[in-house]
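Q:
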Amino acid sequence: MSETPSYEEARDELISVVQRLETGGTTLQESISLWERGEELAGICQRWLDGARARLDAVAKPGSTADAAADTGPAHPE
Numbered sequence: 018m019s020e021t022p023s024y025e026e027a028r029d030e031l032i033s034v035v036q037r038l039e040t041g042g043t044t045l046q047e048s049i050s051l052w053e054r055g056e057e058l059a060g061i062c063q064r065w066l067d068g069a070r071a072r073l074d075a076v077a078k079p080g081s082t083a084d085a086a087a088d089t090g091p092a093h094p095e
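Under my numbering, the letters of the sequence shown match residues 18 to 95, in that order.
1) With a cut-off of 8 Å, do at least 3 Cβ pairs link the region 58-66 to the region 39-49?
2) How about L58 and E30: do their beta carbons lie closer than 9 Å?
3) Tell me the DSSP secondary structure of T44 in three-state form.
4) So, helix, strand or coil for S33, using DSSP?
5) Alpha carbon to alpha carbon, what distance is there between K78 and A71?
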């Protein structure tokens, strides 16, 4: 299994995929493959954002410390 890309890497690739789909000129099979990759990248981005939200929520709770939310990875790594 490959390493999970950073949020920024996944976001940038997702932008590229969307641009290719919007531009057109791809075969049906290529379009389907791009769509599937886009869905995968969107999920990766969402997990990163969920993880960031969980960290912020943990730090914002009374009595918590930044150490309690030290994990920097996505909420549900694959």
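Glycine residues also receive a C-beta, built at the ideal position from the N, C-alpha and C atoms.
A: With the structure as the only source:
1) no
2) Residue 58 sits at position 41 when you count from the first residue of the sequence shown. Residue 30 sits at position 13 when you count from the first residue of the sequence shown. Result yes, Cβ atoms of L58 and E30 sit closer than 9 Å.
3) In the sequence shown, residue 44 corresponds to position 27, counting from 1. Reduced to three states, the DSSP call for T44 is coil.
4) Mapped onto the sequence shown, residue 33 falls at position 16. The answer is helix: DSSP assigns S33 an H, G or I state.
5) Taking the sequence shown and counting its residues from 1, the one referred to as residue 71 is at position 54. Taking the sequence shown and counting its residues from 1, the one referred to as residue 78 is at position 61. Roughly 11 Å separates the two Cα atoms.
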